[in-house]
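K.L.:
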């Protein structure tokens with residue numbers, strides 16, 4: 351349904367629905383500190399979200415194919431995305447800038 355959802359593991363309550371992608375969301379991952387979430391989508395973008403508010407912080411644009419996977423670096427400072435366009439891109443988590 352072009353969204354990702356954040357759930358409370360203890361209660362099963364949906365805390366936030368992350369809306370903004372135009373096509374299916376392929377993966378989602380938390381930052382190491384749990385403060386952000388990254389989603390990857392068939393709409394050729396990834397998005398960075400504030401986990402507490404559900405607000406979209408940055409849209410990571412530049413791939414020319416579906417973004418299949420995204421992950422934070424161990425220190426949470428960078429995000430890597432992998433796409434069907436046969437590229438991987440590295441992004442600054444704080445600014446959303448492609449490195």
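Numbering (my numbering), first residue to last: 351 to 449.
Where is the CB? At the ideal position from N, CA and C, for every residue including glycine.
Output the boundary residues of the beta strand (DSSP E) element that contains residue 386.
P.N.:
Residue 386 -> beta strand (DSSP E) spans 386-391.
K.L.:
In or out: residue 396 buried (at least 16 other Cβ within 10 Å) or exposed?
P.N.:
Buried, by the Cβ-count rule.
K.L.:
Measure how close the beta-carbons of residue 418 and residue 390 come, nearest whole angstrom, since I'm counting them as under 8 Å.
P.N.:
Yes, they are in contact, since the Cβ atoms of residue 418 and residue 390 sit about 6 Å apart, within 8 Å.
K.L.:
If you reduce the DSSP assignment to three classes, tell me which class residue 449 lands in.
P.N.:
Looking at residue 449 - three-state DSSP - the assignment turns out to be coil, as it is neither helix nor strand.
K.L.:
Going by beta-carbon coordinates alone, are residue 431 and residue 410 separated by less than 8 Å?
P.N.:
Contact: yes.
K.L.:
Decide if residue 399 is buried, meaning its Cβ has at least 16 other Cβ atoms within 10 Å, or exposed.
P.N.:
With 16 or more Cβ atoms within 10 Å of its Cβ, residue 399 is classed as buried.
K.L.:
In terms of residues, what are the limits of the beta strand (DSSP E) holding residue 437?
P.N.:
Where residue 437 is concerned, there is no enclosing beta strand (DSSP E), given that its DSSP letter is neither H nor E.
K.L.:
Can you tell me whether residue 439 is buried or exposed, with buried defined as 16 or more other CB within 10 angstroms of its CB?
P.N.:
Flag for residue 439 reads buried.
K.L.:
Can you tell me the Cα-Cα spacing of residue 361 and residue 377, whole angstroms?
P.N.:
Going by the C-alpha atoms only, they are around 23 Å apart.
K.L.:
Using a Cβ-Cβ cut-off of 8 Å (strictly less than) and excluding sequence neighbours within five positions of residue 424, which residues of its own chain qualify?
P.N.:
382.
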